[in-house]
Amino acid sequence: MANLTLVQAINLALIQEMERDERVLILGEDVGLNGGVFRVTEGLHKRFGDKRVVDTPLAESGIIGTSIGLAMAGLRPIPEIQFEGFLGPAYDQICSHAARMRTRTRGAMTVPLTIRIPVGGGIHAPELHSDSPETVYIHQPGIKVIMPSSPYDAKGLLISAIRDPDPVMFFEPKRIYRAFREEVPEDEYTLPLGKARVVCEGNEMTIVSWGSSVVQCMQAIERGGRSIELIDLRTLYPFDMDAVEASVKKTGRCVIVHEAPKTCGFGAEIAARIMERCFLYLESPVQRVTGFDTIMPYYKLELDYMPDADRIARAIEETAAY
Amino acid sequence: MANLTLVQAINLALIQEMERDERVLILGEDVGLNGGVFRVTEGLHKRFGDKRVVDTPLAESGIIGTSIGLAMAGLRPIPEIQFEGFLGPAYDQICSHAARMRTRTRGAMTVPLTIRIPVGGGIHAPELHSDSPETVYIHQPGIKVIMPSSPYDAKGLLISAIRDPDPVMFFEPKRIYRAFREEVPEDEYTLPLGKARVVCEGNEMTIVSWGSSVVQCMQAIERGGRSIELIDLRTLYPFDMDAVEASVKKTGRCVIVHEAPKTCGFGAEIAARIMERCFLYLESPVQRVTGFDTIMPYYKLELDYMPDADRIARAIEETAAY
Amino acid sequence: MPIKSAFTTTIDHVSILDVNANFDEKLGAGLIPDGDLVRLYEHMCVCRHLDEVAFKLQRSGRMGTFPQNMGQEAASMGAAYALDKTDWLVPCYRENAGLFWRGLPMEMILLHWMGDERGNAIPRELYCMPLAIPIGTQLLHATGLAWAAKYRGEKRLACTFFGDGATSEGDFHEAMNFAANLDIPVIFFCQNNFWAISVPGKIQCSAPTIAQRAVAYGMDTIQCDGNDIFSVVYCVRKAAALAREKGRPFFIEAVTYRLGDHTTADDARRYRDQAEVDAWKTRDPILRIRKFLTTRGLWDDAKEAALAERAQRDVAAAVERAESIPPPDRNDFFNNMYATIPPDLALQRDTMQTHGIGQDPSQIEGAVIELPAKTSH
Amino acid sequence: MPIKSAFTTTIDHVSILDVNANFDEKLGAGLIPDGDLVRLYEHMCVCRHLDEVAFKLQRSGRMGTFPQNMGQEAASMGAAYALDKTDWLVPCYRENAGLFWRGLPMEMILLHWMGDERGNAIPRELYCMPLAIPIGTQLLHATGLAWAAKYRGEKRLACTFFGDGATSEGDFHEAMNFAANLDIPVIFFCQNNFWAISVPGKIQCSAPTIAQRAVAYGMDTIQCDGNDIFSVVYCVRKAAALAREKGRPFFIEAVTYRLGDHTTADDARRYRDQAEVDAWKTRDPILRIRKFLTTRGLWDDAKEAALAERAQRDVAAAVERAESIPPPDRNDFFNNMYATIPPDLALQRDTMQTHGIGQDPSQIEGAVIELPAKTSH
Ligand SMILES: Cc1ncc(C[n+]2csc(CCOP(=O)(O)OP(=O)(O)O)c2C)c(N)n1
Ligand SMILES: Cc1ncc(C[n+]2csc(CCOP(=O)(O)OP(=O)(O)O)c2C)c(N)n1
Ligand SMILES: [Mg+2]
Ligand SMILES: [Mg+2]
């Protein structure tokens, strides 16, 4: 066991998978000598060399498009997109190709690809460095989407993603890259994709969240007074609706928390599913505490945009009082 | 009044707005001499010339990116993206720039832009010519999204879109481009963005839909036996939640129908909002009849993918029986 | 010296068997053995016949949109001929000739345009990618495939095909740039047929040549008569040698012409002059090669008649195979989304429903709902 | 002739005031009047001082990430000087010098990097676009702005700035191609500073020059010493003339160097040699121009001291203005989404809630919920 930050846990997972499997390579902007702008690939270039840790031209469609070719040829590329705000130029290659190649070719061609992307706000970064676009890719069939909220989960889920035979988007909440440490086994291990984690148990209300918002939820819960079950989805597609259903059938009330804008955010899907599956158990409408339907403001106001413990606590109280 | 198809109504709206306002110009692939692959811009090149109807290079990011520049300079560009499947390369310019310019500059720069896009399945077209990506753009703050289901609405909404000071995506359901005709006033007229249309009234159940699915809903309703209120949203952002709320509070039951995949489709948002606003009025969970969480299959199977009157009728019966 | 030259370059144009069937012995001799040339000619004719048949299938409602390859057969076939059987072919949709030469069964192309994904399930050992619908995107896949070969120390290269229109897309640029700067052995093969649907070539590239696109990347580049299979073979051999020996990419502009409509959904008379088409008909690659073969005593009317008959037979058999395949299973489009279908998607498949109640009818009180079975189509 | 030349070209490199401050009278005489040159020098020094102050503001937590412009002042300032005041400047984020020359108040740049959108609310009459964060995207906006000028018959052109890294993006290609083929008067001004964060120029463009990118489009192109303001002015004048007279675009590669880190979030020692940086320090555009002015008797130590003092005063005043602006209103980020705020968004703004109950507390039975007010920050 080692006491690691999220960055360190991901770095360790990358090293172990590269040691284990010659087919794994890393590519992207500044991933080489520089070790990535967040230092997630620190030391990898030195250890594995130019061939397996590749600085590419500044072109996100190129990074993903060539990764698709690499993957179809049987390698296991791990491209990095430097910030979620720069996924845009790669959207087409992800959604028109990575997501479709298996079904388009009825399985003759597959795309075992893991795209790593720092995501979310809260670090006082410039514009387009603080967004939460996960919903777009959850909506796109053919991709798996992961967003861990802890070092332990990050390592196990990333290893599973790399070994997964299909394209996976691995969002890394940059706000908690170094926010805390956790005991992480030094050996390699995998965590199943599509399984949620019950962070804490309770029977008065369920909270569903993912990514760095999970930390905000914990803070709200720690204010005390209520027995709350917190579910960290971890994998956003396929998502663990069974865990949510079981919890809400027990508690009868639910609050969903995410950073992305409200309208058509993933929270809407969870809420709609809860209604479909738990209609007769619900004692109050499912509430969503989310980013607003605005552009994430520049950083002077970013904390007003992001759901925080105050807003979550308020939603809990309101939901309980309904 | 003239009896027009959807294509003709849109064509007429374009002509009238170009006659009225020198600042309006059309650009895109094959929009000139060829009149567009669906002939929506037929005759415009002849009438308005090279300067105002411009065939561009084959580059969707270029089409939208230059349109943003044209719009910021005070013109009213109407770019066409040939099929919704080719929006991908333009995603970044739409979401990172068109949607953000006003708020990024606190109003100093604005992007009065109307993007026209044929959308949806049912015409036996090749791959990536039959998708329904509207949710992605509803989720993106800063854009208005329209999808008409009739010639009359199309003309009035398109004229409103062109005159709107903000970026609008105008999705044209290609399956009904020529499927039927409707009386359309020859004079120009506008319809308010953000207002739904009650297609038919009823008090047993509400159906919410948009685009060519509205026609499938009508067919299901016409099978008779129930008093159903059909709401065509027409504008998907901002959307007319008041109309939906009023109807569901009256009927207590609701089915939502759309072609896009279920997970994180716009139906989820409507369902979640209904729960938020009508919780105590609901007699059964809101149901969604949608495309599946798969890639739209090639055309041999496309009708298995798309919600049709049978599937809608079944959902109506099930919802009523709940 | 306040103004000095920072860069100079020049680009070659290659033509071996010219429009008048004049043959340049110096470059052309031995390039293609007689027997191969006859086989290439035969394949081109079969491919041309498929175009005609496909057109009729579409018009009679037995197939969806189809893009004819007519007039461009020499380009992709010459390339496929000059490459190794294990080099990747990464096509757009106007390379039927080359794909058939490689061994792709004709019915797979038909199936694709009949709206059936099974037309894309290409056996791995053919090293062919399926047709690419979104313009320009496949160039990056080719670059990745070739990169993988380099990564593994294989001598395999990738050759990707695209039109003049594709050179306007951002992905074209990114693929060229990746290949040039990271030393990836890709051949970028542009079929410049002067039109992208109705948009003329000058709107895509107003420079004197498309070949000079490659200058931007410091990439070797050449222009050739794409209706002359000898020129094509000459250039692709040169490109392949560079790719295999130096691991470097190469750009080829093959000048050709689309003799038919863009696709069966198009009517080219709306936007281009018949005179232009007629002029290009005299440069038809099939006519040219036939004349050459005849002059050399390698071809005659009897052989032509026999070939016509064989073409009819082969194409008819391919159509028969494409049409007699059982309809696809509805489950197919669920089952191929992931290696292992997620439970929620399996539920959608098994119930053919997305609505919560339909997926779990136990929620409904009272009788099971009976509805007319799904209308068959 | 089986092999003939299809295309030849050559690209010029311009240098007027060279590294050793040798001045080419033939090209340089009269290019910049003495008085202007002094003013340009002063502006460059103020801009350089802002870099230093901004660095300290960031380090002391008074500002977020900031990209220094150090070493590249001559490039954007020379361009802004050579253009009309009503030509569009469409920058990336390393053109402070040019923007200040145009008249952009320094505090707007500071506000931008202090995380405040009001730094982008640039008065229309300055014809400056705000800084562009996503690399390469602004080139298309510039093309559209220039297209609009052409559409209206104005003589206005657009000049857009970007780095070597930006030339790898698809949007770069699409913008160049649109401008070349549709005859749009844009000047594409590349500041080749040899690095894109840690990635060396050869990974972005392995060709001998970046200037040759333009050959792909048949666009006029030139390379110049970007640390020599005379060369820059010479090239931009040439480009502007072509744009205004023929409506044609022009590409300029200005060779320069980023003397500082990529941004305050970067540590360039991780990836580049100090020797390289030291070599470029001797080519600093500010040193060069100062030497020139001094030789010509236009500058002396007293003036330098006075300038240093003025720079300190001006920058301090700008910082003061940037820091004393009242905090932005939370409503701002709602109110600027659309010309008219949609009702649902107004509700989100007015309640600062997204959860349905919080937006409509009447749904809750019992007392109003009291919570600690939002933690201020
Ligand atoms: C990204 C994208 N945009 C638009 C289209 C629609 N489209 C199909 S073919 C075509 C023209 C292609 O021209 P070119 O690349 O020259 O190939 P050609 O058809 O001439 O062989 C267009 C615009 C598409 N398939 N993909
Ligand atoms: C689309 C996009 N991808 C990645 C980034 C992250 N990023 C910011 S600056 C930069 C390097 C830019 O290099 P260059 O264009 O040469 O400009 P320079 O910083 O050298 O002036 C990168 C990769 C970005 N801002 N936008
Ligand atoms: Mg073409
Ligand atoms: Mg640079």
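Protein chains in written order, with the numbering used here: chain A, 5 to 326; chain B, 5 to 326; chain C, -16 to 360; chain D, -16 to 360. Beta carbons are placed, not taken as given, at the ideal position from N, Cα and C, and that holds for glycine. As the structure is a prediction and not an experimental result, all values here were calculated from the model.
Along the beta strand (DSSP E) that carries M209/A, what are the first and last residues, could you check? Position 205 of the first sequence holds residue 209/A. Residues M209 to S213.
Cutoff 7 Å; reference T334/D; Cβ partners in own chain excluding five residues on either side: Here residue 334/D corresponds to residue number 351 of the fourth sequence, with the count starting at 1. Only G341 and Q342 meet the Cβ criterion.
Using the C-alpha atoms, what's the distance from L305/B back to E204/D? Here residue 204/D refers to the residue found at position 221 when the fourth sequence is read from its first residue. Here residue 305/B refers to the residue found at position 301 when the second sequence is read from its first residue. With the sequence shown as reference, residue 204/D is identified as Thr, and Glu is not the correct amino acid for it. Taking the straight line from one Cα to the other gives about 52 Å.
Using beta-carbon positions only, say whether I82/B and V115/B come within less than 8 Å of one another. Walking along the second sequence from the start, residue 82/B turns up at place 78. Walking along the second sequence from the start, residue 115/B turns up at place 111. Contact: no.
Under the three-state reduction of DSSP, which class applies to P326/C: helix, strand or coil? Position 343 of the third sequence holds residue 326/C. Here P326/C sits in helix by DSSP.
Closest by C-alpha distance to D67/D, when choosing among A248/D, V219/D, F234/D and A251/D: Position 84 of the fourth sequence, counted from the first residue, corresponds to residue 67/D. Measuring from the Cα of D67/D, the nearest candidate turns out to be V219/D.
Verify the contact flag: G146/C, CB atom, against every heavy atom of ligand 3, threshold strictly below 7 Å. The residue you call residue 146/C lines up with position 163 of the third sequence. True, at least one ligand heavy atom lies under 7 Å from that Cβ.
Reducing DSSP to helix, strand and coil, say where G146/D ends up. Here residue 146/D corresponds to residue number 163 of the fourth sequence, with the count starting at 1. Correct three-state label for G146/D: strand.
At which residues does the beta strand (DSSP E) containing Y193/A begin and terminate? Position 189 of the first sequence, counting from 1, holds the residue named residue 193/A. Here Y193/A belongs to no beta strand (DSSP E), and DSSP marks it neither H nor E.
State yes or no: is the beta carbon of I118/D nearer than 8 Å to at least one beta carbon in chain B? Position 135 of the fourth sequence, counted from the first residue, corresponds to residue 118/D. It does not; no Cβ of chain B falls within 8 Å.
Examine ligand 4 and report whether any of its heavy atoms sits within less than 7 Å of the Cβ of W178/D. Translated into the one-based positions of the fourth sequence, residue 178/D becomes position 195. Within the cutoff, so yes.
Mind reading off the beta-carbon distance from G66/B to T60/B? Whole number of angstroms is fine, and I expect it under 8 Å. Counted from its first residue, the second sequence places residue 66/B at position 62. Counted from its first residue, the second sequence places residue 60/B at position 56. Confirmed, about 7 Å.
What I want to know is whether the C-beta of P117/C ends up closer than 7 Å to one or more non-hydrogen atoms of ligand 1. Numbered from 1 along the third sequence, position 134 holds the residue referred to as residue 117/C. Checking the Cβ of P117/C against ligand 1 gives yes.
Should H26/D go down as buried or exposed, given a rule of 16 or more other Cβ atoms within 10 Å for buried? Reading the fourth sequence from its first residue, position 43 is the one you call residue 26/D. That one is buried.
Leaving out the 5 sequence neighbours to the left and right, which residues in its chain are closer than 6 Å to A125/D when beta-carbon positions are compared? For the purposes of this step, residue 125/D is identified with residue 142 of the fourth sequence, where counting begins at 1. The answer, listed in chain order, is V73, A141, T143 and V169.
Proximal residues of chain B, C-beta to C-beta of D297/A below 8 Å: The count along the first sequence starts at 1 and reaches residue 297/A at position 293. Here the neighbours are P145.
Any chain C beta carbon closer than 8 Å to K159/B: Here residue 159/B refers to the residue found at position 155 of the second sequence. It does not; no Cβ of chain C falls within 8 Å.
According to DSSP, simplified to helix, strand and coil, what is R110/B? As a first step, residue 110/B is located in the second sequence; it is residue number 106 there, counting from the start. DSSP places R110/B in coil when its eight states are reduced to three.
Alpha carbon to alpha carbon, how far is R266/C from I186/C? Give it in angstroms, no decimals. The residue you call residue 186/C lines up with position 203 of the third sequence. The residue you call residue 266/C lines up with position 283 of the third sequence. Those two C-alpha atoms are separated by around 24 Å.
P113/C: beta carbon under 7 Å from a heavy atom of ligand 1? As a working mapping, residue 113/C is identified with position 130 in the third sequence. Incorrect: P113/C has no Cβ contact closer than 7 Å to ligand 1.
Could you check whether the Cβ of Q97/B sits closer than 8 Å to any Cβ belonging to chain C? In the second sequence, counting from the first residue as 1, residue 97/B sits at position 93. Cβ-Cβ to chain C under 8 Å: no for Q97/B.
If you measure between the beta carbons of Y134/D and A163/D, is that distance less than 8 Å? Here residue 134/D is taken as the residue at index 151 of the fourth sequence, counted from 1. Here residue 163/D is taken as the residue at index 180 of the fourth sequence, counted from 1. No, these two residues do not count as a Cβ contact at 8 Å.
Using a Cβ cut-off of 9 Å, pull out every chain A residue sitting near G339/C, in sequence order please. Position 356 of the third sequence holds residue 339/C. Going along chain A in sequence order, the residues near G339/C (Cβ under 9 Å) are A276, R277, M279, E280, R281 and F283.
Please state the DSSP three-state secondary structure of E152/C. Numbered from 1 along the third sequence, position 169 holds the residue referred to as residue 152/C. In this structure, E152/C counts as coil in the three-state DSSP scheme.
Is the Cβ of N164/D closer than 8 Å to any Cβ of chain C? As a position in the fourth sequence, residue 164/D is number 181, starting the count at 1. Chain C, which has a Cβ nearer than 8 Å to the Cβ of N164/D, makes this yes.
Quick one: which chain A residues come within Cβ less than 9 Å of G127/D? In the fourth sequence, the residue the question calls residue 127/D occupies position 144. Under the 9 Å cutoff, chain A gives no residues; its nearest Cβ is about 18 Å from G127/D.
Excluding the 5 residues flanking A301/C on each side, which residues of the same chain have their C-beta closer than 6 Å to its C-beta? Here residue 301/C refers to the residue found at position 318 when the third sequence is read from its first residue. Around A301/C: M89 and E90.
Looking at C-alpha atoms only, which residue of R107/D, E108/D and P113/D is the closest neighbour of E100/D? Residue 100/D sits at position 117 when you count from the first residue of the fourth sequence. Out of R107/D, E108/D and P113/D, P113/D has the C-alpha closest to the C-alpha of E100/D.
Please confirm if the segment 278 to 293 of chain B is in contact with the segment 201 to 208 of chain B, defined as three or more CB-CB distances below 8 Å between the two stretches. no
For S414/D, count the other beta carbons within 10 Å of its own beta carbon; 16 or more makes it buried, fewer makes it exposed. Which is it? The requested residue 414/D does not occur in the structure, where chain D is confined to residues -16 to 360.
How long is the line joining the alpha carbons of S345/D and I316/A, rounded to whole angstroms? Here residue 345/D corresponds to residue number 362 of the fourth sequence, with the count starting at 1. Here residue 316/A corresponds to residue number 312 of the first sequence, with the count starting at 1. Near 19 Å, if we compare the C-alpha coordinates of I316/A and S345/D.
Please go through the same chain and pick out, in chain order, the residues whose beta-carbon is closer than 7 Å to the beta-carbon of G160/B, but skip the five residues on each side of it. The residue you call residue 160/B lines up with position 156 of the second sequence. Excluding residues within five positions, the ones whose Cβ falls inside 7 Å are Y193, T194 and L195.
Report the option in W214/B, C268/B and E226/B whose CA atom is closest to the CA atom of D244/B. In the second sequence, residue 244/B corresponds to position 240, counting from 1. It is W214/B.
Output the residue ranges of the beta strand (DSSP E) runs that lie fully inside the segment 58 to 117 of chain D and measure 3 residues or longer, sorted by chain position. 71 to 73
Just to make sure I have the definition right: I need the residues of chain C whose C-beta is within less than 8 Å of the C-beta of I163/A. Which are they? Here residue 163/A is taken as the residue at index 159 of the first sequence, counted from 1. Here the premise fails: no neighbours, minimum Cβ distance about 17 Å.
Using the beta-carbon of each residue, which ones in chain A are nearer than 7 Å to D327/C? Your numbering for residue 327/C matches position 344 in the third sequence. Those within 7 Å of D327/C in chain A are P242 and M245.
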